[in-house]
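Enquirer:
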Amino acid sequence: MHVHEQASAGRLAGKVALIFGAGCVGPGWGNGRAIAVRFAQEGAVVVAVDMRPESLPETLELAGRYRSRIETHICDVGDAAQVAALVETVARRHGRIDILVNNVGGPIPGGPAALTQTDWHRQLDLNLTSVYTTCHYVLPIMEEQGAGAVVNVSSTSAIRWTGAPQVGYAAAKAGVMQFGRVAAVEYASKGVRINTVLPGQLHTPLVDAFLAGQQSAGDIDALLERRRRRIPLPFSGDGRDTANAVLFLASDEARFITGTELIVDGGMSARCD
3 MHVHEQASAG RLAGKVALIF GAGCVGPGWG NGRAIAVRFA QEGAVVVAVD MRPESLPETL
63 ELAGRYRSRI ETHICDVGDA AQVAALVETV ARRHGRIDIL VNNVGGPIPG GPAALTQTDW
123 HRQLDLNLTS VYTTCHYVLP IMEEQGAGAV VNVSSTSAIR WTGAPQVGYA AAKAGVMQFG
183 RVAAVEYASK GVRINTVLPG QLHTPLVDAF LAGQQSAGDI DALLERRRRR IPLPFSGDGR
243 DTANAVLFLA SDEARFITGT ELIVDGGMSA RCD
């Protein structure tokens, strides 16, 4: 896999960036992997976290091509004790946490009648409670510093029908968006910015894995092509597009931006179909 080279301007030079969900389920550019690599390109001290050990080596190898410092940790964000211990370790080792990125999540299909109560709670825990948990432990550190930037990765499922009944996922991702708005107002006077990125219609390894569980190989290719044709821009985006949006909101270039959302979907949310 080739790294998409972009000129580095040192936009995150020396900043400590804690990225949850930095692994990837397969080859290619997932959101988390792309964010970790992009941050490394821009000079950040990257702390890449995932719950699956096998998902991190390629992220580490790609990000390690740059002169930035990168380290990996295994942590289940569903376990508050693990998150608390990790945040304490990172803060003690580096003396601060400048950036928090929450990129944990994934859908379970089903509408209100079809989705089991167990899966409903699983969706809320994975996609929404995880954001609360990491912020619960990181925001006090940022408040004490008097500065920090949080970027939560939601989904366009939070704001529109995306072609499948996945009510738990959509509700949780909408919750991420509103969580960011409310927390942003509270923490603005403390020097901490909180924003949300809403990716949609991207071609990532997670999308491939999700479709593989539902479609045959030929059907997957046909479905991906139909998805591509519905995007107003004439191509499908990938995790690198999400990463660039997250980078902007995490950087000082966005110093006057908080409590808002940046949509990364090639114009799909502007359509009415």
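Residues in the sequence shown are numbered from 3 upward in steps of one, following our numbering. Ideal Cβ placement from N, Cα and C applies to all residues, glycine included.
Should T91 go down as buried or exposed, given a rule of 16 or more other Cβ atoms within 10 Å for buried?
Expert: By one-based count along the sequence shown, residue 91 stands at place 89. T91 is exposed by the Cβ-count criterion.
Enquirer: State the Cα-Cα distance for the pair K17 and A115, rounded to the nearest angstrom.
Expert: Along the sequence shown, one-based indexing puts residue 17 at 15. Along the sequence shown, one-based indexing puts residue 115 at 113. Rounded to whole angstroms, K17 to A115 spans 46 Å at the Cα level.
Enquirer: Would you be able to state if there are at least three C-beta pairs under 8 Å between the stretch 15–33 and the stretch 77–94?
Expert: The answer is yes - the stretch 15–33 touches the stretch 77–94, with three or more Cβ pairs under 8 Å.
Enquirer: Which residue wins for smallest C-alpha separation from V103, given the options A83, D121 and A46?
Expert: Taking the sequence shown and counting its residues from 1, one reaches residue 103 at position 101. Among A83, D121 and A46, the Cα nearest to that of V103 belongs to A46.
Enquirer: Determine the closest residue to Q125 out of C137, V140, S156 and P109, with distance taken between C-alpha atoms.
Expert: Position 123 of the sequence shown holds residue 125. When only C-alpha atoms are compared, the closest one is P109.
Enquirer: Is the beta carbon of G107 less than 8 Å from the beta carbon of N129?
Expert: Counting from one through the sequence shown, the residue named residue 107 turns up at place 105. Counting from one through the sequence shown, the residue named residue 129 turns up at place 127. The answer is yes: Cβ separation under 8 Å.
Enquirer: Inspect the CB distances between the stretch 227–236 and the stretch 183–190 and report whether three or more fall short of 8 Å.
Expert: In short, these stretches do not touch, since the Cβ pair count stays below three.
Enquirer: What residue range does the beta strand (DSSP E) around I37 cover?
Expert: The residue labelled residue 37 in the question sits at position 35 within the sequence shown. Where I37 is concerned, there is no enclosing beta strand (DSSP E), although the alpha helix (DSSP H) it sits in stretches over N33 to Q43.
Enquirer: What does the Cβ neighbour count give for E282, buried or exposed, with the cut at 16 atoms within 10 Å?
Expert: This structure cannot speak to residue 282, because the chain is shown only from 3 to 275.
Enquirer: According to the Cβ coordinates, are G193 and G239 closer than 8 Å?
Expert: On the sequence shown, residue 193 is found 191 positions in, with the first residue counted as 1. On the sequence shown, residue 239 is found 237 positions in, with the first residue counted as 1. Cβ distance not < 8 Å, so G193 and G239 don't count as in contact.
Enquirer: Return the residue from the list T260, R13 and Q43 that minimises the CA-CA distance to F181.
Expert: Locating residue 181 in the sequence shown gives position 179, where the first residue counts as 1. The candidate whose alpha carbon is nearest that of F181 is T260.
Enquirer: Using only the alpha-carbon positions, how far apart do H75 and V49 sit?
Expert: Reading the sequence shown from its first residue, position 73 is the one you call residue 75. Reading the sequence shown from its first residue, position 47 is the one you call residue 49. Roughly 7 Å separates the two Cα atoms.
Enquirer: Name the two residues that bound the continuous beta strand (DSSP E) containing E164.
Expert: The sequence position of residue 164 within the sequence shown is 162, counting from 1. A small fix is needed here, since residue 164 is Thr in this sequence, not Glu. Taken as a continuous stretch (DSSP letters only), T164 belongs to no beta strand (DSSP E), as it is neither H nor E.
Enquirer: Would A24 and A38 qualify as a contact pair, given that the criterion is a beta-carbon distance under 8 Å?
Expert: Locating residue 24 in the sequence shown gives position 22, where the first residue counts as 1. Locating residue 38 in the sequence shown gives position 36, where the first residue counts as 1. It is a contact, given that the beta carbons lie within the stated cut-off.
Enquirer: Just the Cα atoms here: how many angstroms apart are V51 and D121?
Expert: Working through the sequence shown from its first residue, we reach residue 51 at position 49. Working through the sequence shown from its first residue, we reach residue 121 at position 119. V51 and D121: Cα-Cα distance of roughly 24 Å.
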